[in-house]
Amino acid sequence: MTEPTPGATAPGLTTGAVARRLGVSPTTLRSWDRRYGLGPTARSPGRHRRWSPADIARVERMCRLTAGGVPPAEAARVALTTRGEDTGLTTADRPAPAATRRGGAGGGLPLGDVRRECRGLARAAVRLDSAELESRLSAAIRDHGLVVAWEEVVVPTLRAVGRKWASSADRYVEVEHLLSWHVSTALRRAPLLLPRAASPAGAPPVVLACAPGEQHALPLEALHAALDERGVPCLMLGAAVPPEALLAAVRRTGPAAVVVWSQARTTAASALARRIDGLRWGAAGARGRPFVLPAGPGWDRRALRGFPRCSGLGDAVGLLRALYAPDGTVRRMPHVQEAGGGPSAPRTRS
Numbered sequence: 002m003t004e005p006t007p008g009a010t011a012p013g014l015t016t017g018a019v020a021r022r023l024g025v026s027p028t029t030l031r032s033w034d035r036r037y038g039l040g041p042t043a044r045s046p047g048r049h050r051r052w053s054p055a056d057i058a059r060v061e062r063m064c065r066l067t068a069g070g071v072p073p074a075e076a077a078r079v080a081l082t083t084r085g086e087d088t089g090l091t092t093a094d095r096p097a098p099a100a101t102r103r104g105g106a107g108g109g110l111p112l113g114d115v116r117r118e119c120r121g122l123a124r125a126a127v128r129l130d131s132a133e134l135e136s137r138l139s140a141a142i143r144d145h146g147l148v149v150a151w152e153e154v155v156v157p158t159l160r161a162v163g164r165k166w167a168s169s170a171d172r173y174v175e176v177e178h179l180l181s182w183h184v185s186t187a188l189r190r191a192p193l194l195l196p197r198a199a200s201p202a203g204a205p206p207v208v209l210a211c212a213p214g215e216q217h218a219l220p221l222e223a224l225h226a227a228l229d230e231r232g233v234p235c236l237m238l239g240a241a242v243p244p245e246a247l248l249a250a251v252r253r254t255g256p257a258a259v260v261v262w263s264q265a266r267t268t269a270a271s272a273l274a275r276r277i278d279g280l281r282w283g284a285a286g287a288r289g290r291p292f293v294l295p296a297g298p299g300w301d302r303r304a305l306r307g308f309p310r311c312s313g314l315g316d317a318v319g320l321l322r323a324l325y326a327p328d329g330t331v332r333r334m335p336h337v338q339e340a341g342g343g344p345s346a347p348r349t350r351s
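So the mapping is simple: our numbering equals the position in the sequence shown, first residue as 1, plus 1.
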């Protein structure tokens, strides 16, 4: 180990600070140092070991590789012999796809029995590693499609962050915000990663809106991306849409369906859903009406009485896609009750 020059400022971070930054335990860092030589290369004047930026970069690469399924010894070899984002792994060297492998908690988050991708995504979120979050989210969407990526990778990770936030006196707020922002970005970039079906010419859209006062629009963004992938035309109005604005949009566009998202019971506007359901347009004898789908955990059975239900994103996409005939005309679907409550919602506190 090198000694700092007299009067020089002690370099780098302590082991505890690095552990918090990377979302691993100090014991893990000491074990990697002892076994593989992935440790700090400098000491302070008080003989305390300090991690330089280069030391931290190496152990960050170690975290990324092990989270992706690379054996620790191989991950350490790569981390010690490469720079930056170059992992040194050829296609043949990389671990097998993790679609069916399961993993436990990632980065101290309570994930339970989930896909291995969740573990890597959680660790990247706890480390506040934007580049890794972007990479992992894009890979999940590209490898599994939007519905599976949302329901089996994104939602379990968001829920784990939300549980950690709720139980830790508002710590991990920055983790949830960063993860949500990257999920939103990945959903908007999905058309660049996946083949998109053509929309029927002249077909009326599906209007997507959050209930008045509802700010949790991320599940609605997932529905928008999944419908777009299947060629269903959409009109996204986003968060907290005032009642008269939503009614005006429905009157102006004559949509095939209106999805009203509510995350909490306090925003589930059943009176608004019934007003939308009562709208009619067009000439006498051929009047149109919207198919209204209240979605989200905020809608209880009483509020949903007389409206369709769906158990998750996949069900919502199937139900809305079935409204369109091959020629783009809209089928009139009966309001049949189904089990569930709309596209899967991450229970976060944002």
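We put the beta carbon where it would ideally sit given N, CA and C, even for glycine.
{"query": "Applying the 10 Å Cβ sphere with the 16-neighbour rule, what's the burial state of HIS49?", "result": "exposed"}
{"query": "Please go through the stretch 224 to 250 and give each complete alpha helix (DSSP H) segment of 4 or more residues, from N-terminal end onward.", "result": "none"}
{"query": "Exposed or buried, what is ARG117 when buried is set at 16 or more other beta-carbons lying within 10 Å of its beta-carbon?", "result": "buried"}
{"query": "Using 10 angstroms around the beta-carbon of VAL174, count the other beta-carbons present and answer buried if the total reaches 16, otherwise exposed.", "result": "exposed"}
{"query": "So the alpha helix (DSSP H) VAL176 belongs to, where does it begin and stop?", "result": "174 to 190"}
{"query": "What are the start and end residues of the beta strand (DSSP E) that includes CYS211?", "result": "207 to 211"}
{"query": "Which term fits GLY85, buried or exposed, when burial requires 16 or more other beta carbons within 10 angstroms of its beta carbon?", "result": "Only weak support exists for where GLY85 lies, its pLDDT of 48 falling under 50; the value from the coordinates is given anyway. The residue in question, GLY85, is exposed, as its Cβ has fewer than 16 Cβ neighbours within 10 Å."}
{"query": "Can you tell which of LEU320, ARG281, ARG288 and LEU314 has the C-alpha that lies nearest to the C-alpha of GLY297?", "result": "LEU314"}
{"query": "Beta carbon of GLY239, beta carbon of ALA269: below 8 Å?", "result": "no"}
{"query": "Along the chain, where does the alpha helix (DSSP H) containing LEU147 start, and where does it finish?", "result": "131 to 149"}
{"query": "Where does LEU324 sit, in a helix, a strand or coil, going by DSSP?", "result": "coil"}
{"query": "Kindly give me the distance between the Cβ atoms of ALA126 and THR158, rounded to whole angstroms, as I take these residues to be in contact under 8 Å.", "result": "7 Å"}
{"query": "So ALA191 and ILE142 are supposed to be a Cβ contact under 8 Å. How far apart are they, rounded?", "result": "5 Å"}
{"query": "For a test of the three-state rule: what should DSSP assign to LEU305, helix, strand or coil?", "result": "coil"}
{"query": "Measuring CB to CB, does VAL155 end up less than 8 Å from VAL184?", "result": "yes"}
{"query": "Please list, in chain order, all residues of the same chain as GLN264 whose beta carbon is under 7 Å from its beta carbon, the five residues on each side excluded.", "result": "GLU215, HIS217, GLY297, PRO298, GLY299 and ALA346"}
{"query": "Starting from the Cα of THR67, find the closest Cα among ARG266, VAL60 and ALA76 and give me that residue.", "result": "ALA76"}
{"query": "Between the C-alpha atoms of PRO220 and VAL259, what's the straight-line distance to the nearest angstrom?", "result": "15 Å"}
{"query": "With a 10 Å radius around its C-beta and 16 neighbouring C-beta atoms as the bar for buried, classify ALA123 as buried or exposed.", "result": "buried"}
{"query": "For the pair the stretch 236 to 250 and the stretch 191 to 202, tell me if three or more CB-CB distances fall below 8 Å.", "result": "no"}
{"query": "Tell me PRO295's beta-bridge partners as DSSP assigns them.", "result": "VAL261"}
{"query": "Quick one: what's LEU14 bridged to in DSSP?", "result": "TRP52"}
{"query": "If you draw a straight line from the C-alpha of SER312 to the C-alpha of LEU247, how long is it?", "result": "25 Å"}
{"query": "Can you give the Cα-Cα distance for LEU209 and ALA132, rounded to whole angstroms?", "result": "30 Å"}
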